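Asker: Below is the structure I would like to discuss, written out as structure tokens.
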Amino acid sequence: MKLYVLLVSSILLTACSAVQKEQTSAMDKNVNIHGFSQQRLGKIDSAMQKYTDTGKLAGTVTLVARDQKIIHLSANGMRDLERAEEMTTDTIFRIYSMTKPITAVAALTLWEQGKFHMYDPIEKYLPELAGLKVYAGGEADNIQLEAAKSPIRIIDLFLHTAGFSYGFTNSAVDKLYKALPPLSKADSLDTVLKRIATLPLNHQPGTQWHYGINTDIIGFLVERISGMKLGDYMQEVIFTPLEMTDTAFYVPSNKVDRLAQIYSPGKNGEISVLDPPPVGDFLSDPSVHNGGGGLVSTIGDYYIFTQMLLNGGEYKGQRILGRKTVDYLTSNHLPANLIPFSPTSHGEGYALAMSVTVDSGDALLMGSDGDYGWGGAASTYFRIDPKENMIVIMMSQFVPSAFYPIRHDFKNTVYQSLIDEQ
């Protein structure tokens with residue numbers, strides 16, 4: 552009996568050794584996994600560890616999928632430095648502006664039903680926004696206003712050409728945004744719309760691209776048309792069908808231990824906890840659901856959402872949008888004179904609630920014509936490349952998002968890993 556056991560153990564050890572040698576040999580031969588070099592894919596972790604090992608970021612989670620297969624999924628660093636909790640692939644993140652494409656999809660499910668049209672004036676559904684004035688000069692008490700030359704169309708909200716702002720700069724209009732009281736539990740859709748109606752537009756509707764609360768207003772549009780709170784509507788038409796179980800406008804108490812801590816630059820090159828977070832505490836259901844930046848999610852949930860888009864609106868038998876609707880959602884709709892839409896968006900136009908590459912030769916990082924996506928304020932990022940049938944997603948929790956070039960490093964290390972010919 553002992554001889555039999557020894558013999559079996561010897562066989563198993565020999566087999567394991569053979570597998571290890573085969574894996575090592577495959578690595579040496581730069582094995583191809585769905586068109587990627589396995590060896591070169593390792594540079595993704597190296598790039599992410601560069602940030603975590605030097606203390607620039609607490610932690611990251613990265614995902615790459617191609618041909619409907621996840622070929623890279625990795626967690627690096629910590630999700631909470633103070634509690635010594637390691638980053639995991641099921642960590643929950645505040646995705647901020649990566650909420651925008653989800654809100655756009657929710658709205659498009661209503662558009663498909665003929666509930667609104669892209670060139671309808673928004674005041675048709677949200678009469679509180681009728682008759683808004685446009686900033687024409689001046690400061691503080693001497694601000695000059697003029698009448699809008701055309702109504703704000705719903706398409707203008709999707710494209711950030713309506714004239715709304717975010718209050719990010721020190722312009723005269725943004726100072727008015729900053730002066731508004733913060734949202735409270737007593738607020739509602741109606742009270743928020745009334746506050747927005749007191750603000751002037753940054754420019755004449757449809758004439759410029761200006762990042763602002765446009766997608767928040769699309770969320771209000773969804774609520775008015777559907778008669779449901781935005782999160783409830785998303786749950787019914789997107790999250791439940793796709794089994795996105797960790798995506799919502801707040802983190803329930805039984806999942807709080809998976810919520811990543813959020814950081815910002817501190818003293819002496821160290822990072823420090825950002826308290827409070829930029830928008831809400833995310834620990835209780837807010838009275839107003841922020842369609843422009845209020846969701847939390849995991850990289851697994853967001854992969855399901857992006858794979859649904861790459862599949863033309865369907866995932867595992869659950870169809871959320873029609874194929875042509877997704878084509879419309881992900882196509883550039885900006886006129887040539889507004890491209891690039893910002894100083895850092897070389898080669899990019901704008902689709903509905905996210906950017907799209909229109910000239911990869913003019914872009915400042917690797918990609919393809921037609922790849923699309925967006926990022927969040929706390930260093931989250933995704934991109935979908937239909938030509939390569941590929942999805943890339945990165946999650947972290949660091950504000951401001953452009954403080955380090957982590958998104959560029961991530962995307963470039965993914966693309967340099969491609970070795971097949973399309």
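One point on numbering: in the numbering used here, the residue at position 144 of the sequence shown is 695, and numbering is uninterrupted. Where a beta carbon is used, it is the ideal one built from N, C-alpha and C, also for glycine. The structure displayed is predicted, hence computed values, not measured ones.
1) Short of 6 Å in beta carbon distance, which residues of its chain neighbour glycine 688, apart from the five on each side in sequence? Order them along the chain.
2) At what residues does the alpha helix (DSSP H) containing threonine 931 begin and finish?
3) Pick helix, strand or coil for phenylalanine 719, following the three-state DSSP scheme.
4) When you compare only the Cα positions, how much space is there between glutamate 821 and leucine 632?
5) Would you report the Cα separation of glutamate 573 and asparagine 862, rounded to the nearest angstrom?
6) Using a 10 Å radius around the Cβ and a threshold of 16 neighbouring Cβ atoms, would you call histidine 668 buried or exposed?
7) Please classify valine 807 as buried or exposed, where buried requires at least 16 neighbouring CB atoms within 10 angstroms.
8) Name the DSSP beta bridge partners of isoleucine 942, please?
9) Looking only at its chain, what residues have a beta carbon closer than 6 Å to the beta carbon of proline 702, apart from the 5 residues adjacent to it on each side?
10) To the nearest angstrom, report how far apart histidine 959 and leucine 916 are at their CA atoms.
11) Please list, in chain order, all residues of the same chain as arginine 617 whose beta carbon is under 8 Å from its beta carbon, the five residues on each side excluded.
12) Assuming leucine 744 and phenylalanine 771 make a contact with CB atoms under 8 Å, what is their CB distance in whole Å?
13) Taking buried to mean at least 16 other C-beta atoms within 10 Å of its own C-beta, is alanine 699 buried or exposed?
14) What's the C-alpha gap between methionine 648 and serine 952?
15) Could you give the distance in angstroms between the alpha-carbon of serine 930 and the alpha-carbon of phenylalanine 949?
16) Measuring only the C-alpha atoms, how far is glycine 757 from alanine 914?
17) Taking the continuous alpha helix (DSSP H) assigned at valine 789, which residues delimit it?
18) What are the start and end residues of the beta strand (DSSP E) that includes isoleucine 822?
19) Relative to the C-alpha of serine 597, which residue among Thr964, Gly842, Asp741, Lys666 is closest?
20) So, with DSSP's three-state summary, where would you put lysine 975?
21) Can you tell me whether tryptophan 662 is helix, strand or coil according to DSSP?
22) Nearest-angstrom Cα distance between alanine 978 and lysine 780?
23) So, helix, strand or coil for isoleucine 769, using DSSP?
24) Measuring CA to CA, which of Ser911, Val724, Asn627 is closest to threonine 605?
25) Under 8 Å between C-beta atoms, does arginine 704 make it to chain C?
26) Classify lysine 601 as helix, strand or coil using the three-state DSSP reduction.
27) Please determine if the segment 837–845 and the segment 733–744 are in contact, where contact requires at least 3 C-beta pairs separated by less than 8 Å.
28) Alpha carbon to alpha carbon, what distance is there between leucine 624 and threonine 640?
29) Quick one: what does DSSP say glutamate 679 is sitting in, helix, strand or coil?
30) I need the boundaries of the beta strand (DSSP E) containing glutamine 695, first residue and last residue.
31) Would proline 792 and glutamine 869 be called neighbours here (beta carbons separated by less than 8 Å)?
32) Going by the beta-carbon positions, is the gap between methionine 859 and isoleucine 850 smaller than 8 Å?
33) Compare the Cα-Cα distances from glycine 844 to each of Gly831, Tyr854, Arg874, Ala681 and report the closest residue.
34) By the three-class DSSP mapping on this structure, what secondary structure does aspartate 631 have?
35) Aspartate 910: which of Ala902, Gly921, Leu903 sits nearest, CA to CA?
36) Within its chain, find whatever has a CB closer than 8 Å to the CB of isoleucine 622; leave out the 5 residues flanking it on each side and keep chain order.
Answerer: Based on what the coordinates show:
1) By one-based count along the sequence shown, residue 688 stands at place 137. Counting only Cβ-Cβ distances below 6 Å, and skipping sequence neighbours, we find Gln695.
2) Within the sequence shown, numbered from 1, the residue matching residue 931 stands at position 380. Per DSSP, threonine 931 belongs to no alpha helix (DSSP H); it is in the beta strand (DSSP E), 931–936.
3) Here the question's residue 719 lines up with position 168 in the sequence shown. Note: phenylalanine 719 maps to coil in three-state DSSP.
4) Taking the sequence shown and counting its residues from 1, one reaches residue 821 at position 270. Taking the sequence shown and counting its residues from 1, one reaches residue 632 at position 81. Spanning the two alpha carbons is a distance of roughly 12 Å.
5) Indexing the sequence shown from 1 puts residue 573 at position 22. Indexing the sequence shown from 1 puts residue 862 at position 311. For glutamate 573, the predicted model reports a pLDDT of 39, less than 50, meaning its position is unreliable; a value from the coordinates is still stated below. Rounded to whole angstroms, glutamate 573 to asparagine 862 spans 35 Å at the Cα level.
6) Start at 1 with the first residue of the sequence shown, and residue 668 comes out as number 117. Exposed, since its Cβ has fewer than 16 Cβ neighbours within 10 Å.
7) Here residue 807 refers to the residue found at position 256 of the sequence shown. When all chains shown are included, valine 807 counts as exposed.
8) In the sequence shown, counting from the first residue as 1, residue 942 sits at position 391. Isoleucine 942 is bridged to Ala616, Ile935.
9) Residue 702 sits at position 151 when you count from the first residue of the sequence shown. So the list reads Pro672, once near-sequence residues are dropped.
10) Within the sequence shown, residue 959 is the residue found at index 408, counting from 1. Within the sequence shown, residue 916 is the residue found at index 365, counting from 1. So the two alpha carbons sit approximately 7 Å from each other.
11) Residue 617 sits at position 66 when you count from the first residue of the sequence shown. In the same chain as arginine 617, and ignoring 5 residues on each side of it, the C-beta atoms closer than 8 Å to its own belong to His585, Gly586, Phe587, Glu939, Asn940, Met941, Ile942, in chain order.
12) Looking up residue 744 in the sequence shown gives position 193. Looking up residue 771 in the sequence shown gives position 220. Yes, they are in contact, since the Cβ atoms of leucine 744 and phenylalanine 771 sit about 7 Å apart, within 8 Å.
13) On the sequence shown, position 148 is the one that residue 699 refers to. Label assigned to alanine 699: buried.
14) As a working mapping, residue 648 is identified with position 97 in the sequence shown. As a working mapping, residue 952 is identified with position 401 in the sequence shown. At residue 648 the sequence reads serine, which differs from the methionine that was named. Counting only the Cα atoms, serine 952 lies some 11 Å from serine 648.
15) Looking up residue 930 in the sequence shown gives position 379. Looking up residue 949 in the sequence shown gives position 398. Whole-angstrom Cα-Cα distance: 6 Å.
16) Walking along the sequence shown from the start, residue 757 turns up at place 206. Walking along the sequence shown from the start, residue 914 turns up at place 363. Glycine 757 and alanine 914: Cα-Cα distance of roughly 25 Å.
17) Your numbering for residue 789 matches position 238 in the sequence shown. A small correction: the amino acid at residue 789 is isoleucine; valine does not occupy that position in the sequence shown. No alpha helix (DSSP H) contains isoleucine 789, which DSSP labels as neither H nor E.
18) Looking up residue 822 in the sequence shown gives position 271. Note, isoleucine 822: beta strand (DSSP E), 822–824.
19) Position 46 of the sequence shown, counting from 1, holds the residue named residue 597. Cα-wise, what sits closest to serine 597 is Thr964.
20) Past the edges of the chain, shown from 552 to 973, lies residue 975, and the structure says nothing about it.
21) If you number the sequence shown from 1, residue 662 lands on position 111. Reduced to three states, the DSSP call for tryptophan 662 is helix.
22) Outside the shown range of the chain, which is 552 to 973, sits residue 978, and nothing can be said about it.
23) The residue labelled residue 769 in the question sits at position 218 within the sequence shown. Looking at isoleucine 769 - three-state DSSP - the assignment turns out to be helix.
24) By 1-based counting over the sequence shown, the position of residue 605 is 54. The option with the nearest alpha carbon to threonine 605 is Asn627.
25) Included in the structure is just one protein chain, with no chain C present.
26) The residue you call residue 601 lines up with position 50 of the sequence shown. Reduced to three states, the DSSP call for lysine 601 is helix.
27) Judged by pairs of C-beta atoms under 8 Å, the segment 837–845 touches the segment 733–744, as three or more such pairs exist.
28) Position 89 of the sequence shown holds residue 640. Position 73 of the sequence shown holds residue 624. Taken atom to atom, the span from the alpha-carbon of threonine 640 to that of leucine 624 is near 8 Å.
29) Stepping through the sequence shown from its first residue, residue 679 is reached at position 128. Under the three-state reduction of DSSP, glutamate 679 is assigned to helix.
30) Within the sequence shown, numbered from 1, the residue matching residue 695 stands at position 144. Segment 695–698, the beta strand (DSSP E) holding glutamine 695.
31) Numbered from 1 along the sequence shown, position 241 holds the residue referred to as residue 792. Numbered from 1 along the sequence shown, position 318 holds the residue referred to as residue 869. Taking 8 Å as the Cβ cut-off, proline 792 and glutamine 869 qualify as a contacting pair.
32) Counting from 1 along the sequence shown, the entry for residue 859 is found at position 308. Counting from 1 along the sequence shown, the entry for residue 850 is found at position 299. No; because the gap between Cβ atoms is not below 8 Å, this pair is not in contact.
33) Residue 844 sits at position 293 when you count from the first residue of the sequence shown. If we check each option's Cα against that of glycine 844, Gly831 comes out closest.
34) Against the sequence shown, residue 631 aligns to sequence position 80. Of the three classes helix, strand and coil, the one that applies to aspartate 631 here is strand, per DSSP.
35) The residue given as residue 910 occupies position 359 in the sequence shown. Considering only alpha carbons, the answer is Gly921.
36) Counting from 1 along the sequence shown, the entry for residue 622 is found at position 71. For isoleucine 622, where only same-chain residues beyond five positions count, the Cβ hits under 8 Å are Ile584, His585, Phe587, Leu592, Val615, Ala616.
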